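Undergrad: Heads up: the protein sequence lines correspond to chains A and B, in order. First residue of the first sequence? That's 200 in the numbering used here, and the numbers climb one at a time after it. First residue of the second sequence? That's 200 in the numbering used here, and the numbers climb one at a time after it. Quick reminder that beta carbons are idealized off the backbone N, C-alpha and C, glycines included. No experiment lies behind these values; they were computed from the predicted model shown. Attaching a single structure in C-alpha cells format; questions to follow.
2 protein chains.
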Amino acid sequence: MQRALEYVDENFDTFIEDLKSICSIPSISTQDEGIKECVTRIKEIFEESGLNVQILEMEGANPVIYGEYKPAHYSKTIIFYNHYDVQPADPLELWTSPPFEPAIRDGKIFARGVADNKGNIIARVKAVESILKTAGDLPVAVKFVFEGEEEVGGVSLPKYIEKYKDLFEADIGVWESGDRHENGRPSVKLGYKGLAFFEFFVKKADRDVHSGRAGLVPNPVWRLVEFLSSLRDEKGKILIEGFYEDINISKEDEELLKQIPFDVEEVKKEYGLAEFAGEFQGFEAGKNFAASNSTSLNALKSLYLKPTCNIDGIKSGYIGEGTKTIVPSEALVKVDFRLFPGQTPEKLLENLHEHIEKYGFSDVEVKYHYGYESAKTPPSSFAVDIIRDATRKTYGMEPLIYPVSVGSSPIYNFINKLGIPTVSTGAEYWGSLVHSPNENIRIEDFRLAIKNIVNIIAELSKY
Amino acid sequence: MQRALEYVDENFDTFIEDLKSICSIPSISTQDEGIKECVTRIKEIFEESGLNVQILEMEGANPVIYGEYKPAHYSKTIIFYNHYDVQPADPLELWTSPPFEPAIRDGKIFARGVADNKGNIIARVKAVESILKTAGDLPVAVKFVFEGEEEVGGVSLPKYIEKYKDLFEADIGVWESGDRHENGRPSVKLGYKGLAFFEFFVKKADRDVHSGRAGLVPNPVWRLVEFLSSLRDEKGKILIEGFYEDINISKEDEELLKQIPFDVEEVKKEYGLAEFAGEFQGFEAGKNFAASNSTSLNALKSLYLKPTCNIDGIKSGYIGEGTKTIVPSEALVKVDFRLFPGQTPEKLLENLHEHIEKYGFSDVEVKYHYGYESAKTPPSSFAVDIIRDATRKTYGMEPLIYPVSVGSSPIYNFINKLGIPTVSTGAEYWGSLVHSPNENIRIEDFRLAIKNIVNIIAELSKY
Numbered sequence: 200m201q202r203a204l205e206y207v208d209e210n211f212d213t214f215i216e217d218l219k220s221i222c223s224i225p226s227i228s229t230q231d232e233g234i235k236e237c238v239t240r241i242k243e244i245f246e247e248s249g250l251n252v253q254i255l256e257m258e259g260a261n262p263v264i265y266g267e268y269k270p271a272h273y274s275k276t277i278i279f280y281n282h283y284d285v286q287p288a289d290p291l292e293l294w295t296s297p298p299f300e301p302a303i304r305d306g307k308i309f310a311r312g313v314a315d316n317k318g319n320i321i322a323r324v325k326a327v328e329s330i331l332k333t334a335g336d337l338p339v340a341v342k343f344v345f346e347g348e349e350e351v352g353g354v355s356l357p358k359y360i361e362k363y364k365d366l367f368e369a370d371i372g373v374w375e376s377g378d379r380h381e382n383g384r385p386s387v388k389l390g391y392k393g394l395a396f397f398e399f400f401v402k403k404a405d406r407d408v409h410s411g412r413a414g415l416v417p418n419p420v421w422r423l424v425e426f427l428s429s430l431r432d433e434k435g436k437i438l439i440e441g442f443y444e445d446i447n448i449s450k451e452d453e454e455l456l457k458q459i460p461f462d463v464e465e466v467k468k469e470y471g472l473a474e475f476a477g478e479f480q481g482f483e484a485g486k487n488f489a490a491s492n493s494t495s496l497n498a499l500k501s502l503y504l505k506p507t508c509n510i511d512g513i514k515s516g517y518i519g520e521g522t523k524t525i526v527p528s529e530a531l532v533k534v535d536f537r538l539f540p541g542q543t544p545e546k547l548l549e550n551l552h553e554h555i556e557k558y559g560f561s562d563v564e565v566k567y568h569y570g571y572e573s574a575k576t577p578p579s580s581f582a583v584d585i586i587r588d589a590t591r592k593t594y595g596m597e598p599l600i601y602p603v604s605v606g607s608s609p610i611y612n613f614i615n616k617l618g619i620p621t622v623s624t625g626a627e628y629w630g631s632l633v634h635s636p637n638e639n640i641r642i643e644d645f646r647l648a649i650k651n652i653v654n655i656i657a658e659l660s661k662y
Numbered sequence: 200m201q202r203a204l205e206y207v208d209e210n211f212d213t214f215i216e217d218l219k220s221i222c223s224i225p226s227i228s229t230q231d232e233g234i235k236e237c238v239t240r241i242k243e244i245f246e247e248s249g250l251n252v253q254i255l256e257m258e259g260a261n262p263v264i265y266g267e268y269k270p271a272h273y274s275k276t277i278i279f280y281n282h283y284d285v286q287p288a289d290p291l292e293l294w295t296s297p298p299f300e301p302a303i304r305d306g307k308i309f310a311r312g313v314a315d316n317k318g319n320i321i322a323r324v325k326a327v328e329s330i331l332k333t334a335g336d337l338p339v340a341v342k343f344v345f346e347g348e349e350e351v352g353g354v355s356l357p358k359y360i361e362k363y364k365d366l367f368e369a370d371i372g373v374w375e376s377g378d379r380h381e382n383g384r385p386s387v388k389l390g391y392k393g394l395a396f397f398e399f400f401v402k403k404a405d406r407d408v409h410s411g412r413a414g415l416v417p418n419p420v421w422r423l424v425e426f427l428s429s430l431r432d433e434k435g436k437i438l439i440e441g442f443y444e445d446i447n448i449s450k451e452d453e454e455l456l457k458q459i460p461f462d463v464e465e466v467k468k469e470y471g472l473a474e475f476a477g478e479f480q481g482f483e484a485g486k487n488f489a490a491s492n493s494t495s496l497n498a499l500k501s502l503y504l505k506p507t508c509n510i511d512g513i514k515s516g517y518i519g520e521g522t523k524t525i526v527p528s529e530a531l532v533k534v535d536f537r538l539f540p541g542q543t544p545e546k547l548l549e550n551l552h553e554h555i556e557k558y559g560f561s562d563v564e565v566k567y568h569y570g571y572e573s574a575k576t577p578p579s580s581f582a583v584d585i586i587r588d589a590t591r592k593t594y595g596m597e598p599l600i601y602p603v604s605v606g607s608s609p610i611y612n613f614i615n616k617l618g619i620p621t622v623s624t625g626a627e628y629w630g631s632l633v634h635s636p637n638e639n640i641r642i643e644d645f646r647l648a649i650k651n652i653v654n655i656i657a658e659l660s661k662y
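In C-alpha cells form, the structure reads like this:
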C-alpha cells in the first residue's frame, strides 16, 4: 500500500480542489437546495476515480449515490456511508468567509459541510482511487452509499435499503465521520444517538390582541411554557412517563468513557460557558449506573450517555426592535430528543401522546418531523480491531473509542437492519464547528483521513 | 350650540379627508418613523381650524403638539390629551388594504392609528373649530396636548409637564379614547391600567452548538422557560413577592362593572377562542374582593381588574422552515405587566430584582423598556357628571362607565401629577381592532365623537 499512500501525497492538491468544488454547492436538504447539482458533481468525481457509480432514485426522496468496485478476487466487502446534504448556514453574519465559497486560512478549509460530511466523501473516494490507480486493482470489494437526507432525518434511506438490499450487503461498515481530540488522538465511534424532532404549536385567539386583554385572552406562549415545563425538569430530567424505560446502556459504555481525556475548564472555555448544563444525575443512563465522583467523567456521561430534550428554536409574537403590547395569536417551538439504544421515536411518540392526554395539553398541536433509533457495534467486534490497527499505522497513536457519537446518525440502518458491524472515523477535529458558522477541517487531517481509509482497506484484506 | 353641530354635518367630508391625511403618515414611534411629517400635518390642521399651536420640543424626545384657544372671558379650562404616534402595522399580510393607505369600506375607515388615536385627534380639533367658526368664540378655554411617544411608554410627557407646567393647567381633562359597546352604548373610562414593559435575555454558549451536546451545553430557551415559570402560575397568578401588595381597587370599581353587559359566548366568538384565560381567582384584585358566582362578572373582572404578566414575543434559535438541530446561543422574551392603582413600575422592578436574586436567576438579563403607574378619577367627580350629561345628548343613551380602560395610558400625568379630574371618551367601537390588522372606526361614530366634544364643552360652560 506504500504506493497508494504516496499517490495521496502526490495528488493531494487535486483532492482539495475536488473537495472545494462540492463544498461550493449549497446542498441544504431542509431547504431543498442544490441537491441535483451536488449529486452530479459527486458522480463526476466517482467516474474520474475509476469507480462504478449509479444514482438510485425514488419518488419524493433525494437520490442516493451508490458507488462500487468489485475486484476479480476478494473475500471481504467494505461499505462506506456518507451524506452529501448539509445544514443551513445561518446566522450568515457570523461567518468570516461565505459558507459556500470554500476558503483556506491557517491550514484549514472553511465551508458549510466541509466537516459534516463532504470532507469524508472525498477522502473515501480518493483513498480507493489511490489504491486502484497504483495497484491496478483492490484487495477487497468496496461500496459507497452517499445519501442526501441525513440532516433532515434520513427518512428515505430505509426505503432505499428495502428496495436495493443486495447492493448494500457487506462485512464491515464505515460510517460518516470522526474527529481528532485536542490531544491529537483520532476518535472512533461505535454508534450514534437516536433522534426525534418535533414541532409544538399552540394557537389561541384568531389574531394578535391588545395585551390589555391578557386577563381574558389566553396567551399561546404561556401555554407552551407550561407544556415545556411539563416535559423536563430544571436538571434536564425528562418527565415523560416511560421515557427512560428501555434504555440499554452498559457498564462497558461507561468504561470506554474513562479513557477519554476531558478538561472541564478547557471545554467550558471552548464554548464560552460559565457553567455546564445540569450535571449527570444518574437517571440519564436508565437503570444501570449513576453519577460518579469525577466531574470530568460526569461531564462525559452528560455528553455521551444522557438522553436530552432540547429546544432548537422558538417563535411567537413581536420580535422586532422596541416594544409592542400584544397577546400573540400563535406560538411555535422546535424540540429535538436524543435517544439511546433501546429507545425508539415510535415509543417516544406514543409516550408523548399519553403525556399530553394525562396532563390536559390537547391544545398543543404535535408535529413529528422525523426520527430514528440509536444503534452501536459492540467493542469486541472485529471491525473495532481493524480500525484500531489502521489508526495506529496512520496516526502513530491509539484511537479514542467512544460508545456513541455526540450526534445522531441513522447508523441503525447498517447495524440493526443490515447486520453490518459498523464503526465511524473521519477528517474532522475538535474545532470543526459542525452545524455552526465557520465550519472547517484542518488540511493535514484531511490528508490523514484519506490515508486511514487506505490502511483500513489494507487491514481488512488480511481477513 | 345647534349651529356648531350643524357645522359638523356640513363639513364632515372635509374632516374625514383631514383624518385620512394624518393616517397616511406612518408615525410609528417604536421604529422612529414619520414623526416629523405627522407633526407638521397636524399643525396645519390646527391652524386651518383657527387655533393657536406651538410645537414643544426637548432633546431626545418626540415633539408635543400644544394647541390652545383662550376666549376673552371664561371660567373653566378643558384640556385634551391625545397621541399622534401609532403601533407597528405588522403582520402586514393580514391587512385587507395597506395600513397607511386609509380606505373606506362598509361605512368604516381602515388604517393603522385611525382608532388609536388619530380619529380622536381630528374629532377634538374639529369640534372646537365647529364652535369657533359658528359662534365666533368659545365659552371655555381649551388646551390640546398631543404627544408622540404613547405607544412606547410616554416616557417624555412627564418631562414636558415638568417644563411647561403652566401650559397644562386645567379644570377638567379628556383623555385619549373611548369605544362603543356592541349594544351601542358609548364607554367612558375613569382611568387606565399602568404598564411595565421588559425584555429578558439569556445568553449561554458564545455560538449555536450542535444539539448532540445538549447534555452539556446549557440551553437559554430552557432557562427562559424556567424563569418565566417562576413569574406566573398556570392560573395567571403572578408569583413575584409583593406584587399584589399595594393594589388599591375598591368595591365601587367592582360595582361599576355590574352595569356592563358581557356575553361570555359572544366575546369568545369575537376572538375565535375556545376558552378564556384562567378565571378570575380573587388574588387578582388584591386583598379587597374575590371571584363571584357570575361567569360574566368574573370575565369582566379578569379583563378590567386583574393585573397581568403577558408575553408579547419570544425568539430564539432556528425558526425557519424544517429542522435544525442546535442548542441556540441566546434567547429573548418581551413581557408586559399591566398594573393597577397603587402599583408602580419602580416597585415592580425592585420586587423583580429581589425575585431574581432569591431564585438564582442572575443569568437572566433584565431590560426595563418603560412603564407608568395606573390612575383613575373617582366616580363622584364633576367631570363624570359632565361627560354623562353630554353623552345623553349626543347619543341619546347612558354611557357605560368603566373604572379603568382595558388598556394602559399615562393618564397619571393629568390625574396624579397635575391633579386634573380626567375622563376618557372617543370615536372607536367594539370592533376597532386596536393594535391589530384592519384597525378601523365607523364613520358615524366619528361624527358622533365630534359632536360629543361640542356637547362636553357646552356642559362645562354651565359650571
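(1) Quick one: using the 10 Å Cβ neighbour count with 16 as the cut-off for buried, is I254 (chain A) buried or exposed?
(2) If contact is defined by three or more beta carbon pairs under 8 Å, each pair taking one atom from either stretch, is the region 592 to 601 of chain A in contact with the region 627 to 645 of chain A?
(3) Is the separation between the beta-carbon of I308 (chain A) and that of N639 (chain A) shorter than 8 Å?
(4) Which bits of chain A does K557 (chain B) rub up against, with CB to CB less than 9 Å?
(5) Reducing DSSP to helix, strand and coil, say where F299 (chain B) ends up.
(6) Strictly below 7 Å CB to CB, what residues from chain A border S501 (chain B)?
(7) May I ask you to report which of helix, strand or coil DSSP gives F536 (chain B)?
(8) So, N322 (chain A) versus A648 (chain A), is the Cβ gap smaller than 8 Å?
(9) Would you call N509 (chain A) buried or exposed, if buried means 16 or more other Cβ atoms sit within 10 Å of its Cβ?
(10) Is the CB-CB distance between F214 (chain B) and K317 (chain B) below 8 Å?
(11) From this set, A:E258, A:T543, A:D289, A:V603, which residue's C-alpha is nearest P578 (chain A)'s C-alpha?
(12) Rounded C-beta distance between A369 (chain A) and K342 (chain A)? I'm assuming under 8 Å.
(13) For F475 (chain B), go through chain A and note every residue whose CB falls closer than 8 Å to its CB, in chain order.
(14) Quick one: which chain A residues come within Cβ less than 7 Å of H272 (chain B)?
(15) Does the CB of V633 (chain B) have a neighbour CB from chain A at under 8 Å?
(16) For A473 (chain A), count neighbouring Cβ atoms within 10 angstroms of its own Cβ and tell me buried if that reaches 16, exposed if not.
(17) Rounded to the nearest angstrom, how far is the Cβ of T524 (chain A) from that of S410 (chain A), given a contact under 8 Å?
(18) In whole angstroms, what is the alpha-carbon distance linking N492 (chain A) and E398 (chain A)?
(19) Using the Cβ count rule (16 or more neighbours within 10 Å means buried), how would you classify H282 (chain B)?
(20) From E349 (chain B) to R304 (chain A), what does the alpha carbon distance come to, in whole angstroms?
(21) Please compile the residues from chain B whose C-beta is within a distance smaller than 9 Å of the C-beta of P636 (chain A).
(22) Near I234 (chain A), what residues of its chain come up, given a Cβ to Cβ distance below 6 Å and the 5 sequence neighbours on each side ignored?
(23) Could you say if the region 200 to 211 of chain B and the region 327 to 334 of chain B meet the contact criterion of at least three C-beta pairs nearer than 8 Å?
(24) For T624 (chain A), does the count of other Cβ atoms within 10 angstroms reach 16, so buried, or fall short, so exposed?
(25) Under a CB-based cut-off of 8 Å, is R537 (chain B) close to chain A?
(26) Can you pull the DSSP bridge partners for H409 (chain B)?
(27) Curious, which full-length alpha helix (DSSP H) runs of at least 4 residues does the region 414 to 463 of chain A contain?
(28) Are the CB atoms of I610 (chain A) and G390 (chain A) nearer to each other than 8 Å?
(29) Go ahead and pull the three-state DSSP assignment for S608 (chain B).
(30) Could you check if L430 (chain A) is buried or exposed, using at least 16 other CB atoms within 10 Å of its CB as the buried criterion?
(31) For R240 (chain B), does the three-state DSSP call read helix, strand or coil?
(32) Using DSSP with H/G/I as helix, E/B as strand and the rest coil, what is E346 (chain A)?
(33) Specify, as a first and last residue, the run of the beta strand (DSSP E) that I277 (chain B) falls within.
(34) Between P609 (chain B) and chain A, is there a C-beta pair that is closer than 8 Å?
(35) Could you work out which residue in A:V263, A:L291, A:E361, A:E440 is closest to N637 (chain A) when comparing CA atoms only?
(36) Would DSSP call D212 (chain B) helix, strand or coil?
TA: On the basis of the data shown:
(1) exposed
(2) no
(3) yes
(4) Here the premise fails: no neighbours, minimum Cβ distance about 15 Å.
(5) coil
(6) G414, L415
(7) strand
(8) According to the sequence shown, residue 322 (chain A) is Ala rather than Asn. Yes. Within cutoff.
(9) buried
(10) no
(11) A:V603
(12) 6 Å
(13) L415, V416, P417
(14) Under the 7 Å cutoff, chain A gives no residues; its nearest Cβ is about 41 Å from H272 (chain B).
(15) yes
(16) exposed
(17) 4 Å
(18) 37 Å
(19) buried
(20) 52 Å
(21) R406, D407
(22) S226, N261, G347
(23) yes
(24) buried
(25) yes
(26) B:I525
(27) 419 to 430, 450 to 457
(28) yes
(29) coil
(30) buried
(31) helix
(32) strand
(33) 276 to 282
(34) no
(35) A:L291
(36) helix
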